[in-house]
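S.K.: Have a look at this one before I ask anything.
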Amino acid sequence: MWLVGGNFIKKRWEMKQLFADKPLALHIPKKLSDAYTNAFAFAAANSNIVAAAYEFVAFVSSSNFVTISSNDLPDYVLQKNTTTNEIIADAQETISELRHQTYYPPSILGFKYLEFGPSPTNLWLLVPCSSPLSYGDTKEWSPFPAVWHDGKWKFCMWLDWVP
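Position 86 (the sequence shown) corresponds to 80 in the working numbering; numbering is contiguous.
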């Protein structure tokens, strides 16, 4: 009804007039506001690490990632109690599993310091990703963990728990 002829413009004008003299406010919970404040402070203080996270996700999302050699995979994957040679030996299977997911740019809220991990900082990133399900056009959504290790981001499985 609003999209027929000039009625759309008339209805839009009526709505504008209805709210013209009423102040509108958006209530943001303090917990969310604090989370974003802290996240933006982290990003400002660690801009190189945040930029590297976006570059990492852009690379693993590209067709270049699935064509890397087995010897290069340890630069992008880290797993507890697994040697570099073991990562290389399983590289084709790992790459196949990783390429079936679609990765999305991380949220500023996705960076987390945790008490465990492979490096002194234990800075983790939850990379949003989706995988197609075997039926229909449905996708399964979940975060995939990455850790800041040796000056770069790597997909990481540490312990039996994924942050």
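Where is the CB? At the ideal position from N, CA and C, for every residue including glycine. Only a predicted model underlies this, so the values are computations on that prediction, with no experimental measurement involved.
Taking its Cβ as the centre, do 16 or more other Cβ atoms sit within 10 Å of residue 60, making it buried, or is it exposed?
M.R.: exposed
S.K.: Shortest alpha-carbon distance to residue 40 belongs to which of 102, 137, 112, 79?
M.R.: 102
S.K.: Residue 47 and residue 117 - do their beta-carbons sit closer together than 7 angstroms?
M.R.: no
S.K.: Going by DSSP, what residue range makes up the alpha helix (DSSP H) through residue 44?
M.R.: 41 to 55
S.K.: Just how far apart, CA to CA, sit residue 91 and residue 132?
M.R.: 18 angstroms
S.K.: So is residue 97 buried or exposed if we call it buried at 16+ other beta carbons inside 10 Å?
M.R.: Under the 10 Å beta carbon count, residue 97 is surrounded by 16 or more other beta carbons and is classified as buried.
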